[in-house]
Structures are given as C-alpha cells and as structure tokens.
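Asker: Okay, handing you the structure first.
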Amino acid sequence: MEEGKMDENEWRYHGEGNKSLVVAHAQRCVVLRFLKFPPNRKKTSEEIFQHLQNIVDFGKNVMKEFLGENYVHCGEVVQLPLEFVKQLCLKIQSERPESRCDKDLDTLSGYAMCLPNLTRLQTYRFAEHRPILCVEIKPKCGFIPFSSYVTHEMKHKVCRYCMHQHLKVATGKWKQISKYCPLDLYSGNKQRMHFALKSLLQEAQNNLKIFKNGELIYGCGDARSPVADWRELAHHLKPFFFPSNGLASGPHCTRAVIRELVHVITRVLLSSSDKGRVGALRPGLRGPRVCEASPFSRSLQRQGKNTPERSGLPKGCLLYKTLQVQMLDLLDIEGLYPLYNRIERYLEEFPEQRKMLQIDGPYDEAFYQKLLDLSTEDDGTVAFALTKVQQYRVAMTAKDCSIMIALSPSLQDTSSDQRPVIPSSRSRLAFSVSVLDLDLKPYESIPHQYKLDSKIVNYYSKTVHAKDDAVVPTRLKESEDCTLVLHKV
Ligand SMILES: O=P(O)(O)O[C@@H]1[C@@H](OP(=O)(O)O)[C@H](OP(=O)(O)O)[C@H](O)[C@H](OP(=O)(O)O)[C@H]1OP(=O)(O)O
Ligand SMILES: Nc1ncnc2c1ncn2[C@@H]1O[C@H](COP(=O)(O)OP(=O)(O)OP(=O)(O)O)[C@@H](O)[C@H]1O
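With the sequence shown counted from 1, adding 41 to any position gets you the working numbering.
In structure tokens, the structure reads:
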C-alpha cells in the first residue's frame, strides 16, 4: 500500500459489524478494516496499534493452526495518513446503517488492517471479466453444551441460537424468528443443511449476506430493515446457475435457481482441505446432535422419527474445524465463570501478574500450546483457571466468526484455474472458502456473557417454552413441510 498516495475517492463503504468498519478499494482486491469505538471511549494510538497487531498475531499463531493455512487471511497492520482517514470517514458516513452509528470509526490513530477483499478473491488468476458471487454465513454456535456445570435443563435440549432468537425478537433486534438452527447446518446431513440454508435465505438477519462482484446484493445492509426478495436474488444468480428445469423466468425458475445455490453452497461447505492441526483438538464429549427447537427436528418428530440420519461433517471441512474450536468451550459459561472469578481474585492481589498471564497477549506459539490442554479436572490452581478462560475466549471467537464462500465460473481449461471446482447446471464453478472476524473475544466480556446466558435461557423458559407446551408454535404449523419450505415470490 502506497500510503503517501492514499485517495479516499478510490475507496467505498463495504460493511461493518459491532467492532469494525470495512472499506473496499474500487479496483484492487483489498479492504481496510478500521476499529470502531463508542464516542468518548478514545484509546491511544499505541493501544490501537497493539490491538490490531494482536488480531494479526492471533490469526497467524492460533487460528491458522486450528483452521488451516488456506482458510485464514491474517492481513497486516498499516499506518495511513490521518487526513486520508478523516476524509474517508466523512465520505462514507451517509452510507452507514443507522443501527451501527452508535460507534465511531477510529480516525485518530491512523492504524487499520489491510486484508484481501474476500468478496472478490482472485487468488488464482481469475479472468477479470468473470463474475464473482460470494456468500457470507455467520453460522454461530453449532453444538449443545455437554458440560456437567450446566444448571438449566433447557440448555441441554435447545441450542443457544434458537433460544436467543426469542429474546432478540422481544427486544426488537429482529422482526421475526428465524427457522435457521446452527445444528442443522453443522449436521453434515445434506437435507438438514439445505433446510438451514433456505432458512437463512428466508430470514437472513446478520447471518447471511450475498455479494456479487464485491457489491452486497442480498442480506442485511441495515440490521433493522432486511430485504428478502428472492426474485431479484434469482435474477442476480442466473449467470451462475441456469435453472435445471429449463425455465428462464417465473416463480418456478426462481425456486430452481435458489435451490441450485443451496445445493452448491452445501457441497462447498462439505468440501475438505487437509491442512490445519485440528486433530490436536478432540474434546471427546458431545451434546445432543439435534436441537429440539429446530423446525426440522420437530417435523421429524411429528413423523415419528426421533433423530435424523447421522451424517457428520467430513473432518477436513471448515465447518468441522470451526466446530472443534467452538467446543473448546468445555465447561460452558456456567462452569467457566467461577474460574474467571478465581483469576480476578488473583489479579486483585497480584495486579503486576496480568502481563505474565498473557491475558492481553502476546498471542504467540506459547499461548497456542496452552490451548491444547483439554483436561477438565480442576486442581484449584490459577493456571487451570487461566487455560479454561483462554480456551473459552477462543471458542467464543469461533462461535462468532463468518465463513466466506467465493464462487466464479471456471474456465474449461482447468490448468489455468487451480482452485477446486464444483459442477453447477450452468457451468463449473471454481470456489474458495475463507473465514473472517477472528478477533479474540476480550477477557472483560466474560461477566457479560454470564449474565446474557442466564437472560436468554430464563426468557426462553418462562415465555416460549411455557407457551409451547400449551399451543403449537406459530413458527411451525402442522401443514409445513420443512424440507421444502420455499419463500413465495
Ligand atoms: O453474544 P451474541 O451471540 O449475541 O453475539 C454477538 C453478535 O450478535 P448476534 O448474536 O450475532 O446477533 C454481535 O453481532 P451484531 O453486532 O449484533 O451484528 C457481535 O458479533 C458480538 O461480538 P462483539 O461484541 O462485537 O465482539 C457478538 O457477541 P459475542 O458474544 O460473540 O461477544
Ligand atoms: N477481508 C474482507 N473481505 C471482504 N469483506 C469483509 C472482509 N472483512 C470484513 N468484511 C465485511 O465487513 C463486515 C464486517 O466485518 P467484521 O465481521 O470483521 O466486523 P466486526 O465488527 O468485527 O463484526 P462483529 O459484529 O461480529 O463483531 C463483514 O460482515 C463482511 O461483510
């Protein structure tokens, strides 16, 4: 990056989350990722540099090890001219969703991360004119806790995502409950995965975005005003998936194109890359494979089938690896919180030890090695508490990351396209899979997680489950066939 020649007009607003804002270069396949902070919570430039460097180091030394070289793009910290950042901030302000404007872009430090633009990933000499489709999925936590510290029985039956949905709707974050259940996506069972992906397409919330040639074409621009127009989406998808039923327009064509998308994404998600040392992580215990709140499993229950066919994920695929990292949450927040308190008490007595405990980094090889200790026998030491707390932070990071799938028509001549390909009705699609938002969750957020967990479960138990016993839930009427739920257009 030639910092002296930075021109804000060459960059455009790309997207943002709760903690960072991303701008994309108009021509080159790179993005800048800036940190965001609540107004008045200003950090020093040195603190911001260190925070960003920690993100890069954590990606390199921990997440690349767990998830594999090919899936993780760590980027680098760059220093930008302050005038450029100031002008850029002014330029993009009007494009920011209102719901994200409670935090301001950091314009004072001049530091940002420079990363490949994963929505336009051109790693292997793509022909410039070839369209690129990119599907971003934030799958969230894919397992039901198996820890014996769990006190709420409901947590052994219903997954956190499905419970949280009800609280989110009650607090106005989203308008309606999604039929998506992460356990369906992580099941490895194609039928369940198709159902999960269709559910995401029906109610994207912040779990699904689709980009075409780097532009957001589907999913949430603004968290509070999602648009779900399948006809328009199908129109965008036609260069990639010509409907196999031969129809060029109309609702049947739309549905056929969407179905193709779902099938291709499922195949890509099940594809494997052998890299990554996730073999080192074998939590062993597993909770139930099915969430009782998932409309898919409810539908099976009604048909008298209690558990769907076992499929399981192939060991090399990104979903499998991500799930293994999520399962580093061995004790659940209920078992973890007392250990956090043990560290807090220790730090009260020996505040100078914080650095030595590596709570705020460095996230180096030594930090990674300690994460591999999966023992759950508490010997009462601070060392044990620390290992479990750090594993929990890493697990929470994997529960909140996103998966980016880039698809592009492949040339017939395979020698010029080294990426793996997947057949579709229109052409063969070269694809790449990456993971993003791998910022280690802060130590300080543990008390918040503890409170939130209890709030989610209590709300679900008191309101939803009580009602559930009495009446059939509105989200799943008897007539609904879960395997074929398609949005009417
Ligand atoms: O707690 P959750 O499950 O609601 O997850 C938060 C996300 O909400 P979601 O459930 O995806 O709607 C939340 O996403 P949104 O800002 O709501 O889009 C953030 O990703 C948040 O992470 P952080 O505090 O920014 O590091 C996430 O918080 P963490 O719990 O991952 O720290
Ligand atoms: N390298 C990248 N290439 C393309 N798009 C990206 C890249 N990194 C981030 N984005 C886009 O920017 C959005 C926000 O980025 P990111 O998820 O890192 O923000 P965040 O604030 O850390 O998220 P969260 O709300 O989960 O804390 C992503 O959802 C994605 O659409």
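Quick reminder that beta carbons are idealized off the backbone N, C-alpha and C, glycines included.
Let me know the secondary structure DSSP gives Ser61 once reduced to three states.
Answerer: Strand at Ser61.
Asker: When you compare the CB positions of Leu238 and Ile173, do they come within less than 8 Å of one another, or not?
Answerer: Cβ distance not < 8 Å, so Leu238 and Ile173 don't count as in contact.
Asker: How do the region 365 to 372 and the region 111 to 121 stand: do at least 3 beta-carbon pairs fall below 8 Å, yes or no?
Answerer: Output reads no: the region 111 to 121 does not touch the region 365 to 372.
Asker: Inspect the beta-carbon positions of Tyr190 and Gly328 and report whether they are closer than 8 Å.
Answerer: No. Outside cutoff.
Asker: Express the C-alpha separation of Asp419 and Gly260 in angstroms, rounding to a whole number.
Answerer: Taking the straight line joining both Cα atoms gives about 44 Å.
Asker: Ignoring anything shorter than 3 residues or poking outside the region 77 to 149, list the beta strand (DSSP E) runs there in chain order.
Answerer: Fully enclosed beta strand (DSSP E) runs of 3 or longer: 117 to 120.
Asker: For Arg201 and Val210, what's the separation of their Cα atoms in angstroms?
Answerer: Distance between the alpha carbons of Arg201 and Val210 is about 14 Å.
Asker: Whole angstroms is fine: what's the gap from Tyr387's alpha carbon to Lys83's?
Answerer: The alpha-carbon atoms of Tyr387 and Lys83 are separated by roughly 28 Å.
Asker: Compute the minimum distance between the beta carbon of Lys449 and the heavy atoms of ligand 2, and state whether it is under 7 Å.
Answerer: Correcting the residue identity first, residue 449 is Ser in this sequence and not Lys. Not so, every heavy atom of ligand 2 lies at least 7 Å from the Cβ.
Asker: Tell me which same chain residues have a C-beta within less than 6 Å of the C-beta of Ser86, skipping the five on either side of it?
Answerer: Cβ neighbours of Ser86 beyond the five flanking positions: Ser150.
Asker: Within its chain, find whatever has a CB closer than 7 Å to the CB of His55; leave out the 5 residues flanking it on each side and keep chain order.
Answerer: Taken in chain order, the residues that qualify are Val63, Val64, Ala65 and Val72.
Asker: According to the Cβ coordinates, are Glu333 and Val474 closer than 8 Å?
Answerer: No. Outside cutoff.
Asker: For the putative contact between Val309 and Leu278, defined by C-beta atoms under 8 Å, what is the C-beta separation to the nearest angstrom?
Answerer: With a Cβ gap of about 15 Å, Val309 and Leu278 do not count as contacting.
Asker: Would you please verify whether the beta carbon of Asn158 is less than 8 Å from any beta carbon of chain B?
Answerer: Absent from the structure: chain B. Only one protein chain is present.
Asker: Using DSSP bridges, identify the partner residues of Tyr259.
Answerer: Paired residues: Ile251.
Asker: Within the same chain, show all residues whose beta-carbon is closer than 7 Å to that of Pro157, passing over the 5 residues directly before and after it, in chain order.
Answerer: Cys70, Val71 and His114.
Asker: Report the partner residues of Ser443 according to the DSSP bridge assignment.
Answerer: DSSP lists Leu477 as partners of Ser443.
Asker: Gln431 to Lys411, Cα distance in whole Å?
Answerer: Spanning the two alpha carbons is a distance of roughly 9 Å.
Asker: Examine ligand 2 and report whether any of its heavy atoms sits within less than 7 Å of the Cβ of Lys482.
Answerer: Checking the Cβ of Lys482 against ligand 2 gives no.
Asker: Give me the Cβ distance between Phe282 and Ser449, rounded to the nearest whole Å; I'm assuming they're in contact under 8 Å.
Answerer: Actually they do not touch by this definition, with Cβ atoms about 13 Å apart.
Asker: Taking the alpha helix (DSSP H) that Glu273 falls in, what are its first and last residues?
Answerer: That run of the alpha helix (DSSP H) goes Trp271 to Leu278.
Asker: Quick one: what's got a C-beta closer than 6 Å to Met57's C-beta in the same chain, skipping five residues either side?
Answerer: Residue identity differs from the one stated: residue 57 is Glu in this sequence, not Met. The residues are Arg141.
Asker: What alpha helix (DSSP H) runs, 4 residues minimum, are completely inside the region 354 to 439?
Answerer: DSSP runs (the alpha helix (DSSP H)) wholly in the region 354 to 439: 359 to 367, 373 to 390 and 406 to 411.
Asker: Using a Cβ-Cβ cut-off of 6 Å (strictly less than) and excluding sequence neighbours within five positions of Thr295, which residues of its own chain qualify?
Answerer: Excluding sequence neighbours, Thr295 sits near Trp271, Arg272, Ala275 and Val530.
Asker: List the DSSP bridge partners of Arg161.
Answerer: DSSP output for Arg161 lists no bridge partner at all.
Asker: Would you check whether ligand 3 has a heavy atom nearer than 7 Å to the C-beta of Asn59?
Answerer: With respect to ligand 3, the structure shown offers nothing to examine, as its ligands consist of ligand 1 and ligand 2.
Asker: Residues in the same chain with beta-carbon distance under 8 Å from Asn102, minus the five sequence neighbours each way, listed in chain order, please.
Answerer: Cβ neighbours of Asn102 beyond the five flanking positions: Tyr404, Asp405, Glu406, Phe408 and Tyr409.
Asker: Measuring alpha carbon to alpha carbon, tell me which residue in Tyr112, Pro79 and Ala245 is nearest His314.
Answerer: First, the residue type needs correcting, since residue 314 is Ser and not His in the sequence shown. Checking every option, the nearest Cα to that of Ser314 belongs to Tyr112.
Asker: For Val366, which option in Gly345, Gln206, Glu389 and Leu413 has the closest C-alpha, if you only look at C-alpha atoms?
Answerer: If we check each option's Cα against that of Val366, Leu413 comes out closest.
Asker: Please state whether DSSP places Met154 in a helix, a strand or coil.
Answerer: DSSP places Met154 in strand when its eight states are reduced to three.
Asker: Using only the heavy atoms of ligand 1, determine whether one of them is closer than 7 Å to the beta carbon of Gln20.
Answerer: No statement about residue 20 is possible, as the shown extent of the chain runs from 42 to 530 and does not include it.
Asker: Specify whether the region 379 to 395 and the region 121 to 135 touch according to this definition: at least 3 beta carbon pairs, one from each stretch, less than 8 Å apart.
Answerer: Too few Cβ pairs lie closer than 8 Å, so no.
Asker: How about Leu76 and Ile178: are their beta carbons less than 8 Å apart?
Answerer: Contact: no.
Asker: Quick check: the Cα distance between Ile133 and Leu93, rounded to an integer number of angstroms?
Answerer: In a straight line, the C-alpha of Ile133 is about 22 Å away from that of Leu93.
Asker: Which residue marks the beginning of the beta strand (DSSP E) containing Ile178, and which one marks its end?
Answerer: Run containing Ile178: Leu174 to Ile178, per the beta strand (DSSP E) assignment.
Asker: Do Ser228 and Arg343 have their C-beta atoms within less than 8 Å of each other?
Answerer: No, the Cβ-Cβ distance between Ser228 and Arg343 is not below 8 Å.
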